[in-house]
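**Q** Residues in the sequence shown are numbered consecutively from 1, following full-length UniProt numbering.
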Amino acid sequence: MNILIRGGRLIDPAQQLDQIGNLYIRGEEILAIDEVPEGFEAEEVIEAEGLVVCPGFIDLCAHVREPGYTQKGNIASETAAAAAGGITTLVTPPTTKPVVDTPAVAELIQDRAAEQGLARVLPMGALTQGLAGEQLAPMHALASSGCIAFTNTRKPVASTLVLLRALEYAATHDLLVIFQAQDQSLSVNGCMHEGATSTRLGLNGISEAAETIEVSRCLMLVEQTGVRAHFGQLSCERSVRLIEAARERGLNVTADVSIQNLLLIDESVSGFDADYHLLPPLRGQLDRAGLRQGLVTDTLQAICSDHQPHEAIAKQAPFAATEPGMSNLETLLSLSLQLVEEQLLELPQVVEKLTLGPARILGLDDGTLEVGTQADICIFDPNEEWRLEPAQMRSGGRNTPFAGKTLKGRVQITLLGGEIVFRR
Numbered sequence: 001m002n003i004l005i006r007g008g009r010l011i012d013p014a015q016q017l018d019q020i021g022n023l024y025i026r027g028e029e030i031l032a033i034d035e036v037p038e039g040f041e042a043e044e045v046i047e048a049e050g051l052v053v054c055p056g057f058i059d060l061c062a063h064v065r066e067p068g069y070t071q072k073g074n075i076a077s078e079t080a081a082a083a084a085g086g087i088t089t090l091v092t093p094p095t096t097k098p099v100v101d102t103p104a105v106a107e108l109i110q111d112r113a114a115e116q117g118l119a120r121v122l123p124m125g126a127l128t129q130g131l132a133g134e135q136l137a138p139m140h141a142l143a144s145s146g147c148i149a150f151t152n153t154r155k156p157v158a159s160t161l162v163l164l165r166a167l168e169y170a171a172t173h174d175l176l177v178i179f180q181a182q183d184q185s186l187s188v189n190g191c192m193h194e195g196a197t198s199t200r201l202g203l204n205g206i207s208e209a210a211e212t213i214e215v216s217r218c219l220m221l222v223e224q225t226g227v228r229a230h231f232g233q234l235s236c237e238r239s240v241r242l243i244e245a246a247r248e249r250g251l252n253v254t255a256d257v258s259i260q261n262l263l264l265i266d267e268s269v270s271g272f273d274a275d276y277h278l279l280p281p282l283r284g285q286l287d288r289a290g291l292r293q294g295l296v297t298d299t300l301q302a303i304c305s306d307h308q309p310h311e312a313i314a315k316q317a318p319f320a321a322t323e324p325g326m327s328n329l330e331t332l333l334s335l336s337l338q339l340v341e342e343q344l345l346e347l348p349q350v351v352e353k354l355t356l357g358p359a360r361i362l363g364l365d366d367g368t369l370e371v372g373t374q375a376d377i378c379i380f381d382p383n384e385e386w387r388l389e390p391a392q393m394r395s396g397g398r399n400t401p402f403a404g405k406t407l408k409g410r411v412q413i414t415l416l417g418g419e420i421v422f423r424r
C-alpha cells in the first residue's frame, strides 16, 4: 500500500533530522522523504500537521506473560497495548513458563506475535537452564531460533564460575548478554528501597548494594571475557558511575533505565499503595538525580517501560505480599515526554532514547526513518492531554501508579512494516 504522511514534524536522530516534511511509504519500506517519488500515487494520506512523525519505539524490556501466565496478559493483549503506545518492537524476558531455554519456546513466542501482526516480539533466551544458575542453556541454538540476547533476569547465578563460563561462551559466538543486576542474598524479602521511608513504614528494604555489588561482579567478568554486555533497568546513581568508568576503560557495555525510576522516588510509597511496589524498587532523590545525569551524559543510552502486567488480585494484599511491577506500554511515551516538560532533555533526545539507542544496543538496523528501511513509524501529538483510565487500557494488566492521572502526549497512529496497526 502507498501511504503519504503529510506535513508532520519528522524527527529521526539517526539522520539528525528534525524538520517539517512529507514521508512516502511503498509496501513495507520508506520510499522517500520530502521529494515526491516518480509515479507515486498515495492510496492513503495521513494528515500529520502539528504531529510528530518518528521511528516506532523499541522497548528493551516488556513481559508479555505468554506462555504460562496468561491470567496476567498474553501476546495478543500486550502487542495491542504496544501498538497503542507507538512501540513497534519489544524485547521480552525469558521468565515465561516454560522458560525460554529451548528453541521451541522461542519460536512459539515469535509465531504468536507474527499471527497478531501488531508488534515485533523479540525473545531473550535464558543464560542458564531453567534460569536456575547451574547449567548453561543452549545459547547457540536459541540464537538461531531468533533470541536477540541472553539473560538470567533477576534470578541468581550464585557460582561465579558458571557465570564466567556463560560469558565466555556468549563472547565466542558474539551474543549479547543482558544483566538485571541484583544480589539475591542482599535483596531477599525486600519490597522497597532501604532508607528513611522503608524504616518509617516498617517494610523490609533492598539496599543499593544489592545492585551495585552485582554490577561490579558482572563488569569484572565482562572485562575478562570481552563479551558484549548490557545492563538493564539500573536504579542507583553508583551503578551509573560504575558503567561510566567501565566505558571510559574501553569496555563494550551499555545500559538503560526504566521511565518510572526517572520520575518517581521511594517517598511515593508512603500510602502502602501496591501499585508503587516495583522491581527494581523506586530509589531516593539522589539516585534519581544520578540516573537523570546518566541519561544526559549518554551513559544510559535507552529508556524502557519495564512493563510487568498483573491481574488485579496480584496487587490486592499487604504491600510486601503483592507482586512487583507496573503495566507501562501505553504510557511509555507520555511519561518520557515529562522529561521534556522538565527541560531535562530535548524532544529529539527523548526520541533517540526510545528508538536509535535501543536499536544500537541490540545491533538492529531499525529505529530510523532512512529511505529503504522498514516502515515502522509512530505518529504522536506531543501536546494532547488525556486521563489514564485503567478500564480503557488494552494490556491485560491495569496495575499502574499513574491511574487517574492526566498525562501529556499521545500516540495517534502506529505503522508496522508499512501497515497501520493502530489508529486513535
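Don't be surprised by glycine CBs; every beta carbon is placed ideally from N, CA and C.
#1: Using alpha carbons as the reference points, say which of 141, 142, 137 lies closest to residue 162.
#2: Return the Cβ separation of residue 267 and residue 197 in integer angstroms, given the expectation that the two are a contact with Cβ distance under 8 Å.
#3: Would you kindly report the start and end of the unbroken beta strand (DSSP E) that includes residue 29?
#4: How many angstroms separate the CA atom of residue 366 from the CA atom of residue 404?
#5: For residue 323, which beta-bridge partners are listed by DSSP?
#6: List in chain order: all unbroken alpha helix (DSSP H) runs of 4+ residues lying wholly within the stretch 27-91.
#7: Could you tell me which of 301, 263, 325, 371 sits nearest to residue 334, measuring between CA atoms?
#8: What distance in whole Å lies between the Cβ atoms of residue 94 and residue 60, which are believed to be in contact at a cut-off of 8 Å?
#9: Please work out which residues of its chain come closer than 7 Å, Cβ to Cβ, to residue 121, disregarding the five sequence neighbours upstream and downstream, and give them in chain order.
#10: Could you check which residue in 205, 278, 311, 285 has the C-alpha nearest to that of residue 187?
#11: Would residue 361 pass as a contact of residue 302 if the rule is Cβ separation under 8 Å?
#12: Using three-state DSSP, classify residue 403 as helix, strand or coil.
#13: If you compare alpha carbons, which of 154, 31, 194, 273 is closest to residue 178?
#14: Going by the beta-carbon positions, is the gap between residue 369 and residue 85 smaller than 8 Å?
#15: Tell me the DSSP bridge mates of residue 313?
#16: CB-CB under 7 Å to residue 238, same chain, minus the five flanking residues each way: which ones, in chain order?
#17: Candidates 351, 300, 272: which alpha carbon is nearest residue 318's?
#18: With a CB to CB cut of under 8 Å and the five nearest residues on each side skipped, what residues in its chain are close to residue 47?
#19: Could you tell me the alpha carbon to alpha carbon distance between residue 280 and residue 233, rounded to whole angstroms?
#20: Let me confirm a value: residue 173 is counted as buried when at least 16 other C-beta atoms fall within 10 Å, else exposed. Which label applies?
#21: Please determine if the stretch 33-44 and the stretch 337-346 are in contact, where contact requires at least 3 C-beta pairs separated by less than 8 Å.
#22: Suppose only complete runs of 3+ residues qualify. What are the beta strand (DSSP E) ranges in the stretch 243-291, listed by chain order?
#23: Tell me the residue span of the alpha helix (DSSP H) that contains residue 220.
**A** The answer reads as follows:
#1: 137
#2: 5 Å
#3: In the DSSP annotation of this structure, the continuous segment of the beta strand (DSSP E) that includes residue 29 starts and ends at 29-33.
#4: 34 Å
#5: Looking at the DSSP assignment, residue 323 forms no beta bridge with any residue, so it has no partner.
#6: 75-84
#7: 263
#8: So it is not a contact: roughly 14 Å between Cβ atoms.
#9: Within the same chain, and ignoring the five residues on either side of residue 121 in sequence, the residues whose Cβ sits closer than 7 Å to its Cβ are 64, 75, 79, 90, 92, 109, 110, 113.
#10: 205
#11: yes
#12: coil
#13: 154
#14: no
#15: Paired residues: none, contrary to the question.
#16: 208, 212
#17: Closest option to residue 318, Cα to Cα, is 272.
#18: 6, 7
#19: 7 Å
#20: exposed
#21: no
#22: 253-258
#23: From DSSP, the alpha helix (DSSP H) with residue 220 extends over 209-225.
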